[in-house]
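Here's the structure, in structure tokens; my notes come after.
Number of protein chains: 2
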Amino acid sequence: MAKKEIATFEELQETLNRLNNPGALLVAGKEKSNPMTIGWGSVGIIWGRPIFAVLVRPSRFTHGLMESWPEFTVNIPSLEMDKIVNFCGTKSGRDVDKIAECKLTLEPGHKIEVPSLAECPIHYECRIVHKNNVIPSELINEITSEFYPSGDFHTVYFGEILGVYRNK
Amino acid sequence: MAKKEIATFEELQETLNRLNNPGALLVAGKEKSNPMTIGWGSVGIIWGRPIFAVLVRPSRFTHGLMESWPEFTVNIPSLEMDKIVNFCGTKSGRDVDKIAECKLTLEPGHKIEVPSLAECPIHYECRIVHKNNVIPSELINEITSEFYPSGDFHTVYFGEILGVYRNK
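Now the structure itself:
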């Protein structure tokens, strides 16, 4: 189903709800694109621009893809896509072709070179304008124990939102 | 007017709209609290927690306050408060008592030691769980030229949202 461009923050509430359950699909990589499930993310205005910030651990296959091409899409699934979201959150793109396995359809980006997922009713197209890191010494202890028992502290990618699209 | 606790993301749209125009008021400091106008910020879910991320330049009076006590409130003004927001964005708490000058009323936090502004219809109470920095070498050039001609790169404070309150 073709999508239509909407206002940047129009589906913010739905976006955060789906991020929380079942998760969103972060697609990175220009030549060979791969979806990774994310349950975290942040949306706002920074440097006078709408920004979608996503976090990726250095060990992840997606980290290499984000480093290889500075664009990504965040795809917001429907609740019915929970099995796909779960699959994409437990398998690595190093081992399986998640697009093929999940029978997902890549659609060319409108404003960027990274594709989106046709099956997701909403998607964001972003270009990376900044990245920094989660700094171990600046985290409260309970977060460090809960999420970083073996290090692998996230890189934070700040993506300028160039377009948001929703199913017609 | 007394406020009532609401769901964390209930006023997200209004929050980003006001952040964009006329701006929001970041209150920091436990003993002597000071409001600073912010036009940037980001709201989302990170480390399984609702997070309000705010950016403060090291040169700002508020930076010292954020370092002195790890909590803050983000106060969402009405459009009619634009003169106050403008005043708090052009004066420094080093030189003037903005609370007194603007006849603002500090209200004790419900869950934190930093107060909120009674005149703002919505406010967020946050505790800082992480901070990192905008890294010069990782910014695209157009942002560096536009916002950092003389350095003073922002610190990014990640505040866990402990409560959101709205006028009854």
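For the record, the sequence lines run as chains A and B.
When you read off a place in the first sequence, starting at 1, and then add 157, the result is the number in our numbering.
When you read off a place in the second sequence, starting at 1, and then add 157, the result is the number in our numbering.
Note that CB positions come from ideal geometry on N, CA and C, so glycine has one too.
L183 (chain B) and P234 (chain B) have their C-alpha atoms some 11 Å from each other. Three or more beta-carbon pairs separated by less than 8 Å are not found between the stretch 203-212 of chain A and the stretch 265-273 of chain A, which leaves the two stretches without contact.
Contact between V271 (chain A) and E299 (chain A) fails: their C-beta atoms lie close to 35 Å from each other, not under 8 Å. At a cut-off of 8 Å, the C-beta of N290 (chain A) has a neighbouring C-beta in chain B.
Going by DSSP, K161 (chain B) is part of the beta strand (DSSP E) stretching over 160-163.
Using a C-beta cut-off of 8 Å, the stretch 213-233 of chain A makes contact with the stretch 279-287 of chain A, since at least three inter-stretch Cβ pairs fall below that distance. For the pair of segments examined, the stretch 165-179 of chain A was found not to touch the stretch 248-257 of chain A: the number of CB pairs separated by less than 8 Å stays below three.
Contacts with chain B at 8 Å (Cβ-Cβ) do not include H220 (chain A). Think of a sphere of 7 Å around the beta carbon of S199 (chain A): the chain B residues whose beta carbon falls inside it are S199, V200, G201, I203, I208, A210, in chain order. For A185 (chain A), the beta-bridge partners assigned by DSSP are A:N191, A:F229. Here K268 (chain A) carries a coil assignment [DSSP, helix/strand/coil]. Excluding five sequence positions before and after G308 (chain B), the CB atoms of its chain that fall closer than 8 Å to its own CB belong to P293, given in chain order. Apart from the 5 residues on each side of it in sequence, L319 (chain A) sits with its Cβ closer than 8 Å to the Cβ of K268, I269, E282, C283, R284 in its chain, given in chain order. Per DSSP, N289 (chain B) is one residue of the beta strand (DSSP E) stretching across 279-290. The C-beta distance from V211 (chain A) to Y314 (chain A) rounds to 5 Å, short enough to meet the 8 Å contact threshold. From the listed residues A:G198, A:S199, A:A185, A:W197, the smallest Cα separation to H220 (chain A) is found for A:A185. In the three-state reduction of the DSSP assignment, S199 (chain B) falls in the strand class, which pools E and B. An exposed status is given to E167 (chain B), since fewer than 16 other beta-carbon atoms sit within 10 Å of its beta-carbon.
Contacts between V286 (chain A) and chain B, judged by CB atoms closer than 8 Å, involve L296, I297, I300 in chain order. The CB of G196 (chain B) comes closer than 8 Å to the CB of I202, G205 in chain A, given here in chain order. Contacts between F304 (chain B) and chain A, judged by CB atoms closer than 7 Å, involve W204 in chain order.
N243 (chain B) has a beta carbon lying at 8 Å or more from every beta carbon in chain A. Counting only Cβ-Cβ distances below 7 Å, N177 (chain B) has contacts in chain A at I202, in chain order. L173 (chain B) belongs to the set of residues whose beta carbon lies under 8 Å from a beta carbon in chain A.
Nearest Cα to T194 (chain A) within the set A:G201, A:S216, A:N232: A:N232. Distances from the CA of N289 (chain B) to each of A:S302, A:V286, A:H311, A:S273 were compared; the closest alpha carbon is that of A:H311.
For V253 (chain B), the secondary structure class from DSSP, reduced to helix, strand or coil, is coil. By the neighbour-count criterion, in which 16 or more other beta carbons inside 10 Å mark a residue as buried, N191 (chain A) falls on the buried side. Taking C-beta atoms as the reference points, A159 (chain B) and K325 (chain B) count as a pair closer than 8 Å.
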